[in-house]
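Start counting at 1 in the sequence shown, then tack on 3, and there's your number in our numbering.
Glycine included, C-beta positions come from ideal geometry on N, C-alpha and C.
Data first, discussion second: the structure below is written as structure tokens.
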Amino acid sequence: MVLVGLAFLVIWLVVHPRRLVFTVDDAYIDHYNLTKDHLTATFDLSLRSFNPNRRIAVYYDDVQVTVEYDDQDLANSTAEPFFQGRKNETKLHVMPQAQDVALRRRVSRNLRIERSAGAVQLKVRLRAKVRYKVGIWKSRHRTLKVYCAPVLGLFRRGRTFESSGCDVEI
Ligand SMILES: *[C@@H]1O[C@H](CO)[C@@H](O)[C@H](O)[C@H]1NC(C)=O
Ligand SMILES: *[C@@H]1O[C@H](CO)[C@@H](O)[C@H](O)[C@H]1NC(C)=O
Ligand SMILES: *[C@@H]1O[C@H](CO)[C@@H](O)[C@H](O)[C@H]1NC(C)=O
Numbered sequence: 004m005v006l007v008g009l010a011f012l013v014i015w016l017v018v019h020p021r022r023l024v025f026t027v028d029d030a031y032i033d034h035y036n037l038t039k040d041h042l043t044a045t046f047d048l049s050l051r052s053f054n055p056n057r058r059i060a061v062y063y064d065d066v067q068v069t070v071e072y073d074d075q076d077l078a079n080s081t082a083e084p085f086f087q088g089r090k091n092e093t094k095l096h097v098m099p100q101a102q103d104v105a106l107r108r109r110v111s112r113n114l115r116i117e118r119s120a121g122a123v124q125l126k127v128r129l130r131a132k133v134r135y136k137v138g139i140w141k142s143r144h145r146t147l148k149v150y151c152a153p154v155l156g157l158f159r160r161g162r163t164f165e166s167s168g169c170d171v172e173i
């Protein structure tokens, strides 16, 4: 048992794991309707995920994306599970929808003010159950937490957007 643990430790040191990298490339807000502190909207998000590892591939088994504004959740959606090879970059496109979500008064007021200025500062969270694959060995599930902020939500396509980097924790 100890030997097996030690073997894994040695392997782990040899493969030298590096943190996964996430960015949000685009964030658009469609079908926006904020009426009486209730929000309906579709968030059109393009994310990019990069695996910088030379020896580790990653299974993303359960991927959930949440859009927040201030400290309130606006919308959720799940992405298809995927396998990410070594040095691979994968694009993810998700469209979480807020369906008549009751907003706190303050959140609603702030959102309205930002909306009238033309763009909204969102926060995007991604949570995934991931497994690492090194050669034929596969790790157990770990929870990957990705937090991207601020993400500028635009109401018109064609405006320039600077990719937002994300904090990644595992
Ligand atoms: C916006 O939402 C309100 C309340 O749900 C609804 O009455 C109104 O028709 C909606 N407006 C548009 C343009 O969809
Ligand atoms: C998002 O999903 C979580 C857990 O599934 C749920 O608790 C929460 O109410 C959802 N939020 C929205 C805005 O749909
Ligand atoms: C990453 O992997 C996906 C799925 O296997 C593949 O479609 C894509 O072309 C790969 N991208 C790069 C940059 O290697």
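Residue 26 holds the alpha-carbon nearest to the alpha-carbon of residue 150 among 14, 26 and 141. Here the residues close to ligand 1, judged by CB distance below 5 Å to any of its heavy atoms, are 36 and 38 in chain order.
Going by beta carbons, residue 122 and residue 156 fall inside the 8 Å limit.
When distances are taken from the beta-carbon of residue 56 to the heavy atoms of ligand 3, even the shortest one reaches 7 Å or more. Near ligand 3, meaning a beta-carbon closer than 5 Å to one of its heavy atoms, we find 91 and 92.
Residue 23 and residue 7 have their C-alpha atoms spaced approximately 26 Å apart. Around residue 152, the same chain offers 126 as residues with beta carbons nearer than 6 Å, after the five sequence neighbours per side are excluded.
Counting other Cβ atoms within 10 Å of its Cβ, residue 46 reaches 16 or more and is therefore classed as buried. In summary, residue 48 is buried, with 16 or more beta-carbon neighbours lying within 10 Å of its beta-carbon over all protein chains present. Scanning 43, 59 and 165 for the CA closest to the CA of residue 103 turns up 43. Within the segment 68 to 156, the complete alpha helix (DSSP H) runs of at least 4 residues fall at 108 to 120. DSSP places residue 168 in the uninterrupted beta strand (DSSP E) bounded by 167 to 172. Counting the other CB atoms within 10 Å of its CB gives residue 30 a total of 16 or more, which places it among the buried residues. Within the same chain, Cβ atoms closer than 6 Å to the Cβ of residue 133 are found at 61, 63, 145 and 147, the five residues on either side in sequence being excluded. Ranked by Cα distance from residue 32, the options 99, 84 and 16 are led by 99.
DSSP places residue 48 within a strand segment (E or B) once states are collapsed to three. The C-beta distance from residue 59 to residue 154 rounds to 27 Å, too long to meet the 8 Å contact threshold.
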